Amino acid sequence: GYDRGHLVPAADMAFSEEAMSETFYMSNVAPQVRAFNMGIWRELEELTRDWAKKFRHLYVVSGPVLTERPIDWIGDNEVAVPARFYKVLLDLSEPEYKAIAWIIPNEESDKPLTEYATTVDEVERLTGIDFFPELMDEALEAELEGHFDNDLWRLNPKKYDLRVKKWNNFR
Numbered sequence: 004g005y006d007r008g009h010l011v012p013a014a015d016m017a018f019s020e021e022a023m024s025e026t027f028y029m030s031n032v033a034p035q036v037r038a039f040n041m042g043i044w045r046e047l048e049e050l051t052r053d054w055a056k057k058f059r060h061l062y063v064v065s066g067p068v069l070t071e072r073p074i075d076w077i078g079d080n081e082v083a084v085p086a087r088f089y090k091v092l093l094d095l096s097e098p099e100y101k102a103i104a105w106i107i108p109n110e111e112s113d114k115p116l117t118e119y120a121t122t123v124d125e126v127e128r129l130t131g132i133d134f135f136p137e138l139m140d141e142a143l144e145a146e147l148e149g150h151f152d153n154d155l156w157r158l159n160p161k162k163y164d165l166r167v168k169k170w171n172n173f174r
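The sequence shown begins at 4 in the numbering used here and counts up by one.
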């Protein structure tokens, strides 16, 4: 079976009871392998929550990759099971604008998040979605979306290793 993986975690909407309850709508849920949901995806959610507290102008977009074939289908309603998920972050906090994205297979992983990091442009190419079309001028958009630097996001591999070992026990 699969977990009902949230694209926007309920914990991120704690500011409002209504917003939190809306995270349980099926439009915010996709089938996720349990070890993925409780492992690397959860780690990325935790880090994103930390960054949202740290950076004043953080934009976050998460979703399934449904452009790859073949797609597995489950249940009587034939729900698509994504082979991969993405998360795109754009920080427009002064003085250092930055962007990063991840494309992660919907499976157990003990690899560090840095292994899955990529550019926003790559996620746009894969999904066909233009994530931030009206948010900044074209030159800045090209610069930010075409480049990423793991060091700017200060990923802590030791902290990550401890969490993944713990969460991969949910297999």
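Just so you know, even glycine gets a beta-carbon here, dropped at the ideal spot from N, CA and C. All figures in this text were calculated on a predicted structure; none of them were measured in a lab.
Asked: DSSP three-state assignment for Asp152, whether helix, strand or coil; Found: coil
Asked: Where Ala86 sits in the DSSP three-state scheme; Found: coil
Asked: Coarse secondary structure for Asp113, derived from DSSP in three states; Found: coil
Asked: For Ile107, three-class secondary structure by DSSP; Found: strand
Asked: Bridge partner(s) assigned by DSSP for Arg7; Found: Pro34
Asked: In DSSP terms, what Lys101 is bridged to; Found: Asp94
Asked: Extent of the continuous beta strand (DSSP E) run through Leu61; Found: 61 to 68
Asked: Contact check, Leu147 vs Lys101, beta carbons under 8 Å; Found: yes
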